[in-house]
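Per UniProt numbering, the sequence shown starts with residue 1, numbered consecutively.
Written out below as structure tokens is the structure these notes cover.
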Amino acid sequence: MKANWLKDFGSSLDQVLDRFENVQEVLLHYRSGDAWVALSEGGKASASELEKSVAEEKPIKLGRTNSYLFPVAGADASVEIRLERFARGKTLGALSEAIDRIKEASQHKYDAHHDSLTGCKNRKSFEISAKKALERLGANAAGRSSAIGSSGVRSIALVTLDIDFFKRVNDTYGHDYGDVVLSAFSWHIEDAILELTKEAKRTSVEFFRLGGEEFNLLISGEFEDRELLDWIERVRLHVKSSAVPSESQLAKLGTQLSQTPPERERRVTASFGVSRYSVGKSSSMDPKVIERLKVQADKALYAAKNSGRDCVRFYPDILKRYGRILEHEKSVGIVVVDIGSEVGVAKGQEFFVIPPKFTGEVDYVVDDGRSRRKLGRYPKYKVARLLAFDVQPEISFCKVSEKLDNASIEIGSYLDLIPVGLFSGLVGQHGDEGVESEGSKNINRRVATHSTENFCVLAVQIRELDQLERHSGPGRVNDLLSSVSSIMTKALLRKAKPQYVEGGLFGAVLLTSSSESTEHIKALRRELEVVCEGLAVFAIGYVEKGKLEEAALPLENAWEYAVLAAAAAPSMGMEAFTLDLPLQVLENQDAAGQNEQLILDYERFKSLGISGAKYDNLAGIANFLLGKVVQADLAFKSAVDASPDENVYRLNLAYTRMQLEKFRDAYDQAALAEKLSGGPPDPMAMSIIAYSSYKLWKAGDHVLPRERIISLLRDASSQEENSYFSKDEMLQAEKEMISELALADSNKWDGD
1 MKANWLKDFG SSLDQVLDRF ENVQEVLLHY RSGDAWVALS EGGKASASEL EKSVAEEKPI
61 KLGRTNSYLF PVAGADASVE IRLERFARGK TLGALSEAID RIKEASQHKY DAHHDSLTGC
121 KNRKSFEISA KKALERLGAN AAGRSSAIGS SGVRSIALVT LDIDFFKRVN DTYGHDYGDV
181 VLSAFSWHIE DAILELTKEA KRTSVEFFRL GGEEFNLLIS GEFEDRELLD WIERVRLHVK
241 SSAVPSESQL AKLGTQLSQT PPERERRVTA SFGVSRYSVG KSSSMDPKVI ERLKVQADKA
301 LYAAKNSGRD CVRFYPDILK RYGRILEHEK SVGIVVVDIG SEVGVAKGQE FFVIPPKFTG
361 EVDYVVDDGR SRRKLGRYPK YKVARLLAFD VQPEISFCKV SEKLDNASIE IGSYLDLIPV
421 GLFSGLVGQH GDEGVESEGS KNINRRVATH STENFCVLAV QIRELDQLER HSGPGRVNDL
481 LSSVSSIMTK ALLRKAKPQY VEGGLFGAVL LTSSSESTEH IKALRRELEV VCEGLAVFAI
541 GYVEKGKLEE AALPLENAWE YAVLAAAAAP SMGMEAFTLD LPLQVLENQD AAGQNEQLIL
601 DYERFKSLGI SGAKYDNLAG IANFLLGKVV QADLAFKSAV DASPDENVYR LNLAYTRMQL
661 EKFRDAYDQA ALAEKLSGGP PDPMAMSIIA YSSYKLWKAG DHVLPRERII SLLRDASSQE
721 ENSYFSKDEM LQAEKEMISE LALADSNKWD GD
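This is the structure:
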């Protein structure tokens with residue numbers, strides 16, 4: 001932590017250059033362990049000279065040069081200053097005073113933003129860093145590439161962590177020892193962060209102490225969920241595997257302690273709560289993001305504590321994986337679960353029920369009385385399906401919509417969230433899945449009846465009704481919905497026949513010209529702004545018959561297209577359906593890492609007649625990131641068939657063929673992509689060609705000469721980016737090929 005302050009101090013020393021004309025260079029040296037470190041190149045001082053300057057506590061001259069060392073009071077550090085000409089005592093005194101003033105100002109600035117005990121950045125510094133991180137992400141508007149091997153999603157993540165059972169440490173060994181543990185713990189986290197940042201070059205990681213045993217990590221840059229959670233898991237293991245404090249840390253921090261526990265008792269663990277916000281291609285940065293991340297990370301930390309501590313919990317996974325069944329009222333088919341609106345449960349969401357033993361993570365062990373042996377794992381098995389109908393902040397009430405015969409719903413069973421796409425919250429929240437509501441039937445009948453006339457179908461979505469119901473009761477919700485129905489009739493004319501569909505969703509069919517429809521919709525928007533103010537938000541989506549005919553889309557799906565536009569519309573805004581809209585939806589889901597939702601909406605769009613190579617490629621990427629390689633391969637094949645000249649699609653297909661061990665197909669696809677590119681060699685194509693030809697050679701299919709394969713592998717391993725494979729994979733393959741070549745040459749000479 002001291003090094004951080006010294007770096008700030010070192011950068012402030014440029015003020016000496018500005019004040020003293022005789023000064024040509026200023027350089028800070030500081031001790032790190034047993035070595036001396038210079039903040040920049042060019043210094044002439046030796047370690048012995050630096051030791052002497054600190055020991056004598058006064059400036060010393062470096063040999064016959066015009067360079068001097070000025071010790072930094074209270075720190076194992078010294079400032080090296082090179083002068084243009086020899087300096088007298090008065091000048092040296094002025095330089096010493098200037099250095100002391102800069103050091104004092106730098107120390108005050110550092111102290112204002114850092115924790116006095118551990119040296120970590122403090123709460124004030126966190127607020128500043130979080131704001132800067134959001135600004136950086138917002139300024140970078142580029143989305144993710146359409147290739148599998150591209151960088152991750154632009155994201156900001158907050159990790160709240162604290163030391164497990166820290167109160168027990170204080171109570172057992174005293175607060176002085178507790179302070180040593182806090183400092184040592186922070187050093188361990190800093191060490192783990194240093195290792196992570198060597199790998200995650202597109203990512204910034206900052207560490208803060210907010211008070212007590214609570215710390216925060218702020219992570220921003222380009223990464224996926226799986227990368228983020230892998231990093232945090234490694235930090236957790238780093239803490240768990242070390243003595244805290246270690247012997248070397250005790251030597252520095254524990255000199256005033258009367259007694260310290262033995263190493264076996266100096267083990268601590270930590271719990272981690274993780275939240276993440278991803279930025280889509282067209283996303284703007286919401287200023288409330290950090291506050292939401294704080295709340296979510298705290299809830300995730302609470303879940304980690306409830307799961308036995310010493311673990312990592314990701315906020316979205318609380319809803320997806322960590323909900324538990326509290327009670328099952330068999331007589332009425334009602335189940336109470338331990339998650340509610342505070343972690344994102346919404347009315348109408350569905351969950352599978354997973355018995356505790358059948359999560360896919362419990363080992364199958366046999367015990368013969370002498371030993372225990374693991375034979376395998378119990379599979380993941382779903383025994384029932386639940387539908388949330390009453391959602392409260394901390395619990396939810398669900399009805400049992402499906403259950404296997406003879407299966408029981410055990411207390412403590414886990415919940416597995418059934419993912420939904422963009423249309424979540426719009427359709428099917430109160431009825432059975434796949435059953436069309438009476439309102440939507442009426443809208444579709446009206447479209448069919450007037451298919452030869454000009455028409456405009458619109459959908460009005462009233463959002464956040466659950467919150468209104470919690471705060472003001474169901475009566476207030478009913479009043480609002482009644483008001484919306486009335487103003488729709490007023491603004492759209494009675495003959496439009498507005499329909500209430502379900503779940504806060506209204507629809508109507510206007511039999512007017514395009515310009516007249518637009519005016520009616522604008523008038524409706526103004527009326528809705530008044531009636532919804534302070535209660536809820538709304539969104540309007542609409543589609544015109546002419547636009548559907550231009551895009552050659554079936555008119556019978558007009559209501560679905562209007563619903564899609566409403567789902568994509570901004571709050572208190574309106575959105576017209578165009579053929580670009582579904583693609584934009586998938587691109588934003590891709591950029592935000594919402595892979596399950598993307599696949600669901602991709603399938604929904606296909607059923608509505610909306611498809612194309614870009615859609616297939618995005619679905620392929622989403623499936624691949626979820627580990628569904630076969631489905632990804634099928635999607636990429638569709639993309640290539642639809643757009644055979646698009647290299648990225650072909651390379652993605654080549655890579656999935658590699659994963660499926662279809663090495664000849666992979667080689668052929670990558671070679672064709674490289675041929676079609678017509679430009680300089682594509683690093684992605686060459687890495688696939690290199691690795692697939694290596695695998696084919698090993699199988700006896702010599703598509704390229706061995707020397708050429710070695711050269712390709714060497715080139716691929718030197719690529720820092722845009723490679724589908726790690727450098728280690730390429731280096732290992734190259735090593736094997738070189739060994740085979742050497743063996744072949746040796747056998748050749750032996751034969752001669």
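Each residue gets a CB set at the ideal place from its N, CA and C atoms; glycine is no exception.
Remember, it's a predicted structure, so these values are computed and weren't measured experimentally.
According to the neighbour-count rule (16 or more other Cβ atoms, all chains shown, within 10 Å of its Cβ), is residue 633 buried or exposed? The sequence position of residue 633 within the sequence shown is 633, counting from 1. So residue 633 ends up on the buried side.
Going straight from the alpha carbon of residue 587 to that of residue 606, what length do you get? As a working note, residue 587 is residue 587 in the sequence shown. As a working note, residue 606 is residue 606 in the sequence shown. If you take the alpha carbons of residue 587 and residue 606, they lie about 16 Å apart.
For residue 216, which three-state DSSP category applies? Residue 216 sits at position 216 when you count from the first residue of the sequence shown. In the structure shown, residue 216 sits in a strand (DSSP, three-state: E or B).
Return the chain-ordered ranges of every alpha helix (DSSP H) run that is complete within the segment 391-478 and spans a minimum of 4 residues. 438-449 and 465-472
Would DSSP call residue 572 helix, strand or coil? Walking along the sequence shown from the start, residue 572 turns up at place 572. Reduced to three states, the DSSP call for residue 572 is coil.
For residue 734, which residues of its own chain have a beta-carbon under 7 Å away from its beta-carbon, when the five flanking residues on both sides are left out? Here residue 734 refers to the residue found at position 734 when the sequence shown is read from its first residue. Taken in chain order, the residues that qualify are 710, 713, 714 and 717.
Tell me whether residue 373 sits in a helix, a strand or coil according to DSSP, three-state version. The residue you call residue 373 lines up with position 373 of the sequence shown. If DSSP states are grouped into helix, strand and coil, residue 373 belongs with the strands.
To the nearest whole angstrom, what separates the beta carbons of residue 639 and residue 620, a pair I think is in contact under 8 Å? Numbered from its first residue, the sequence shown carries residue 639 at position 639. Numbered from its first residue, the sequence shown carries residue 620 at position 620. Contact holds; Cβ gap of about 6 Å.
Leaving out the 5 sequence neighbours to the left and right, which residues in its chain are closer than 6 Å to residue 499 when beta-carbon positions are compared? Along the sequence shown, read from residue 1 onward, the residue named residue 499 stands at position 499. The residues are 439, 442, 443 and 507.
What's the C-alpha gap between residue 153 and residue 138? Counting from one through the sequence shown, the residue named residue 153 turns up at place 153. Counting from one through the sequence shown, the residue named residue 138 turns up at place 138. Using only the alpha carbons, I get a separation of about 13 Å.
Should the segment 189-202 be regarded as contacting the segment 169-178, the criterion being three or more beta carbon pairs within less than 8 Å? no
According to DSSP, simplified to helix, strand and coil, what is residue 114? As a working note, residue 114 is residue 114 in the sequence shown. If DSSP states are grouped into helix, strand and coil, residue 114 belongs with the strands.
If contact is defined by three or more beta carbon pairs under 8 Å, each pair taking one atom from either stretch, is the segment 287-301 in contact with the segment 363-377? no
Taking only the alpha-carbon atoms, compute the straight-line gap between residue 437 and residue 557 and give it to the nearest angstrom. As a position in the sequence shown, residue 437 is number 437, starting the count at 1. As a position in the sequence shown, residue 557 is number 557, starting the count at 1. Computed Cα separation, rounded: 15 Å.
Have a look at 664, 108 and 684 and flag the residue whose alpha-carbon is nearest the alpha-carbon of residue 701. Taking the sequence shown and counting its residues from 1, one reaches residue 701 at position 701. The residue with the shortest Cα to Cα distance from residue 701 is 664.
Where residue 208 and residue 648 are concerned, what is the direct C-alpha to C-alpha distance, given to the nearest angstrom? The residue given as residue 208 occupies position 208 in the sequence shown. The residue given as residue 648 occupies position 648 in the sequence shown. In a straight line, the C-alpha of residue 208 is about 41 Å away from that of residue 648.
Kindly indicate which three-state DSSP category residue 578 falls into: helix, strand or coil? Translated into positions along the sequence shown, residue 578 becomes position 578. Coil at residue 578, not helix or strand.
Three-state secondary structure assigned by DSSP to residue 723: Residue mapping note: residue 723 aligns to position 723 of the sequence shown, counting from 1. Note on residue 723: pLDDT 49, under 50, position unreliable in the model; the coordinate value appears next. It is coil, neither helix nor strand.
If I measure Cβ to Cβ from residue 245 and keep anything under 7 Å in the same chain, skipping five residues before and after, which residues do I get? For the purposes of this step, residue 245 is taken as the residue at position 245 of the sequence shown. Cβ within range, chain order: 180, 181, 184, 253, 254 and 266.
Every unbroken alpha helix (DSSP H) within the segment 665-738, with a cutoff of 4 residues, ordered by chain: 683-698 and 706-717
How many angstroms separate the CA atom of residue 377 from the CA atom of residue 362? On the sequence shown, residue 377 is found 377 positions in, with the first residue counted as 1. On the sequence shown, residue 362 is found 362 positions in, with the first residue counted as 1. Taking the straight line from one Cα to the other gives about 6 Å.
Bridge-paired residues (DSSP) for residue 26: Within the sequence shown, the letter at position 26 stands for residue 26. Residue 26 pairs with 81.
Can you list, in chain order, the residues of its chain with a C-beta nearer than 6 Å to that of residue 561? Leave out the 5 residues immediately preceding and following it. The residue given as residue 561 occupies position 561 in the sequence shown. Once the five neighbours on either side are set aside, the close Cβ partners of residue 561 are 543 and 577.
With the cut-off set at 7 Å, would you say residue 754 and residue 667 are in Cβ contact? The requested residue 754 is not part of the displayed model; the chain covers only 1 to 752.
Quick one: is the Cβ of residue 257 within less than 6 Å of any heavy atom of the ligand SAM? No copy of the ligand SAM occurs in the structure displayed, which carries no ligand at all.
Selection from 42, 531, 99 and 117 that minimises the alpha carbon distance to residue 20: One-based indexing of the sequence shown puts residue 20 at position 20. Per the Cα distances, 99.
Using the DSSP secondary-structure output, state which residues sit across from residue 328 in a beta bridge. As a working note, residue 328 is residue 328 in the sequence shown. Answer is 335.
Verify whether the separation of the beta carbon atoms of residue 365 and residue 415 is less than 7 Å. As a working note, residue 365 is residue 365 in the sequence shown. As a working note, residue 415 is residue 415 in the sequence shown. No.
Span of the beta strand (DSSP E) around residue 499: On the sequence shown, position 499 is the one that residue 499 refers to. Segment 499-502, the beta strand (DSSP E) holding residue 499.
Look at residue 236 and residue 272 and say whether their C-beta atoms are less than 7 Å apart. For the purposes of this step, residue 236 is identified with residue 236 of the sequence shown, where counting begins at 1. For the purposes of this step, residue 272 is identified with residue 272 of the sequence shown, where counting begins at 1. In this structure, residue 272 lies closer than 7 Å to residue 236 by Cβ.
In its own chain, which residues sit with a C-beta less than 6 Å from the C-beta of residue 25, not counting the 5 before and 5 after it? By one-based count along the sequence shown, residue 25 stands at place 25. Closer than 6 Å at Cβ, skipping near neighbours: 82.
So if DSSP puts residue 190 in a beta bridge, which residue, or which two residues, is it bridged to? Numbered from its first residue, the sequence shown carries residue 190 at position 190. Paired residue(s): none; residue 190 is not in a bridge.
When we look at the beta-carbon of residue 830 and count the other beta-carbons within 10 Å, is it buried (16 or more) or exposed? Residue 830 lies beyond the stretch modelled for the chain, which goes from 1 to 752, so this question has no answer here.
Pair within 7 Å by beta-carbon distance, residue 382 and residue 351: As a first step, residue 382 is located in the sequence shown; it is residue number 382 there, counting from the start. As a first step, residue 351 is located in the sequence shown; it is residue number 351 there, counting from the start. Not closer than 7 Å, so no.
Using 8 Å for Cβ pairs, my map puts residue 163 next to residue 213. What's the rounded Cβ distance? Numbered from its first residue, the sequence shown carries residue 163 at position 163. Numbered from its first residue, the sequence shown carries residue 213 at position 213. Indeed they touch by this definition, with Cβ atoms about 4 Å apart.
Check the Cβ-Cβ distances between residue 99 and every residue of chain D, and say whether any is below 7 Å. The structure shown has no chain D; it contains just one protein chain.
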